[in-house]
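Notes for the one structure printed next.
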Amino acid sequence: MSKGTVILAYKGYDVITYLVSPRKYLWDKCACATSLGGIQIFIPSYCSSANAIYEDCYLLGTSVARPCITCRQVQIARQEGAQYVSHGATGKGNDQIRFKLTCHALYPEVKIIAPWRIPEFYNRFRGRKRL
């Protein structure tokens with residue numbers, strides 16, 4: 022019996038994969054998602070150039086991208102009737118906060134699964150290189 026539907030991945034749920042990545046990595050990731058049991062794959066086809074730089078040195082592409090990525094993720098979650106969304110942001114920066122705040126602003130009812138906040142996950146994998 023399914024626990025529900027989550028957008029991205031977490032053991033025990035039906036998985037709908039939402040891939041945002043440079044094109045050269047997409048097909049390998051699609052194959053991986055399918056082999057791990059993904060039931061659908063969404064690949065957005067968009068790119069924006071903002072030339073966003075903070076204090077003449079810090080590129081804001083990542084911080085601007087997270088709300089954009091999450092906005093589409095929430096659209097997919099609503100479209101597919103998902104009760105959960107998930108992301109792989111670690112606690113090293115503000116990315117997980119950007120995901121969380123955007124999700125709650127756009128879809129307050131959705132629950133967020135953040136593996137890097139689950140001790141059973143981060144104690145098993147001591148960093149992305151170990152995954």
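Every position in the sequence shown, counted from 1, becomes a number in our numbering once 21 is added.
Quick reminder that beta carbons are idealized off the backbone N, C-alpha and C, glycines included.
These figures come from a predicted structure and were not determined experimentally.
Work out the CA separation of residue j and residue i for me, nearest whole Å.
i, j, result
"Ala30", "Ala54", "With a pLDDT of only 40 at Ala30, under 50, the local geometry of the prediction cannot be trusted, and the value read off the model is given with reservation. Whole-angstrom Cα-Cα distance: 9 Å."
"Asp49", "Ile60", "16 Å"
"Arg138", "Gly114", "13 Å"
"Tyr39", "Thr91", "10 Å"
"Arg145", "Gly112", "16 Å"
How would you call residue i, buried or exposed, if buried means at least 16 neighbouring beta carbons within 10 angstroms?
i, result
"His108", "buried"
"Val95", "buried"
"Tyr75", "exposed"
"Val36", "buried"
May I ask you to list the residues that DSSP assigns as paired with residue i?
i, result
"Ile134", "Ser107"
Mind checking whether residue i and residue j have CB atoms under 8 Å apart?
i, j, result
"Ala98", "Tyr79", "no"
"Gln100", "Lys132", "no"
"Arg87", "Arg119", "yes"
Scan the stretch 53-106 and note each continuous beta strand (DSSP E) run of 3 residues or more that stays entirely inside, going in chain order. Those beta strand (DSSP E) runs which fall completely within the stretch 53-106 and span 3+ residues are 59-63.
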